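**Q**
Right, dumping it as structure tokens:
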């Protein structure tokens, strides 16, 4: 007798509702598909949500990061201190402008950049600190602001994963010289593809807006005052983002509900380390990433992932350390053993299915499958 195959539980799922679709259709039926009122309205709403003066919507969080690196005139010979525990974009943006990323290790609790290591890594060539809010948890941004001020450095907050999070009552994205967000479908809100810069610096916002629009100035459509890119967001994407942003608080609460279900379901497993949230943080959960205990190896973790997939449950390791990515090893001559906390964490991560619509029975099924996979 064949065993019944259970329905797949995906790793992530976007939450697009009829009102979101209607907002996009409205744009498609209009006479403006780019550079229109929805983009401007989305920018205003996002700035208000973060508590800053300016927002520049672009086609991806990666583009937002690259615009900031260029705007701060960071280039060949300059160093940017950042974390190896991140999606590759937070390093690519530095390399694309021919500057040098300088990695420092992370804190085992928050998985964010270790402030003590940042100060030790500063050299005369350091121009900026690029801190990443890992999985929605803010880095120790007030301390990083103090270090940046003391050394005359720029501070960029990569808040791509933390829309809706706050630290000490201050919204993520509002720290440092500027922050960025990404709106890929697995993020808190989505524009399909898209991102944004957020800042209180009007001159910086104007410069980034010009560079994102082929370097145009105020002299008309064919007036180009600087080297630029085509990083604009389109009206359909902006309309989707604006519609979703209107229910950001509901989305954050729904994701927190799922995280709470996981904590209840997995809290008794001795070999599984659950994500922690600092007391002064209001967490907007991007993903739910558990870890195996230190006694397990990377090969053990990979077997656990394979068993979860056999049970039709979406999962993956999250992340591969940036300093061990093949092209980074070739370019920067990095190697295993340089950042032990990052490597220890990455070798044991298990990203579990996570999206706001998850039902309690689905969380229970994932937890049961994980417990069996770890026990084996």
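In my numbering, the protein residues as written are 515 to 890. Every residue gets a Cβ at the ideal spot worked out from N, C-alpha and C, and that includes glycine. These numbers come from a predicted model, not from an experiment.
(1) Cα separation between residue 808 and residue 861?
(2) Identify which residue in 866, 675, 842 has its Cα closest to the Cα of residue 777.
(3) Below 8 Å between beta carbons: does that hold for residue 573 and residue 709?
(4) Below 8 Å on the Cβ atoms is my guess for residue 649 versus residue 789; work out the distance and round it to an integer in Å.
(5) For residue 698, does the three-state DSSP call read helix, strand or coil?
(6) Using a Cβ-Cβ cutoff of less than 7 Å, which residues in the same chain neighbour residue 589 once the five nearest sequence positions on both sides are dropped?
(7) Among residues of its own chain, excluding the 5 on either side of residue 600, which ones have a beta-carbon nearer than 8 Å to its beta-carbon?
(8) Can you name the start and end residues of the alpha helix (DSSP H) that residue 774 belongs to?
(9) Go through its chain and collect everything with a Cβ distance to residue 886's Cβ below 7 Å, but skip five positions before and after it.
(10) For the alpha helix (DSSP H) containing residue 551, list its first residue and its last residue.
(11) Return the chain-ordered list of same chain residues with a C-beta closer than 6 Å to the C-beta of residue 515, the five sequence neighbours on each side being excluded.
(12) Taking buried to mean at least 16 other C-beta atoms within 10 Å of its own C-beta, is residue 769 buried or exposed?
(13) State yes or no: is the C-beta of residue 529 within less than 8 Å of the C-beta of residue 869?
(14) Buried or exposed for residue 735, please, with buried defined as at least 16 other CB atoms from any protein chain shown within 10 angstroms of its CB.
(15) Given a cut-off of 8 Å on the beta-carbon distance, is the pair residue 724 and residue 712 in contact?
(16) Please classify residue 811: is it buried, with 16 or more other beta-carbons within 10 angstroms of its beta-carbon, or exposed?
**A** Put simply:
(1) Computed Cα separation, rounded: 9 Å.
(2) Among 866, 675, 842, the Cα nearest to that of residue 777 belongs to 866.
(3) Yes.
(4) Rounded, the Cβ-Cβ distance is 7 Å, consistent with contact.
(5) In this structure, residue 698 counts as coil in the three-state DSSP scheme.
(6) In the same chain as residue 589, and ignoring 5 residues on each side of it, the C-beta atoms closer than 7 Å to its own belong to 611, 612, 613, in chain order.
(7) Hits under 8 Å: 646, 648, 672, 833, 836.
(8) Note, residue 774: alpha helix (DSSP H), 762-780.
(9) Once the five neighbours on either side are set aside, residue 886 has no close Cβ partner at all.
(10) Where residue 551 is concerned, the enclosing alpha helix (DSSP H) stretches over 551-564.
(11) Note on residue 515: pLDDT 39, under 50, position unreliable in the model; the coordinate value appears next. Contacts found: none.
(12) Classification of residue 769: buried, given that the 10 Å Cβ count is 16 or more.
(13) Yes.
(14) The residue is exposed, with fewer than 16 neighbouring Cβ atoms inside 10 Å.
(15) Cβ distance not < 8 Å, so residue 724 and residue 712 don't count as in contact.
(16) Around the CB of residue 811, fewer than 16 other CB atoms lie within 10 Å, so the residue is classed as exposed.
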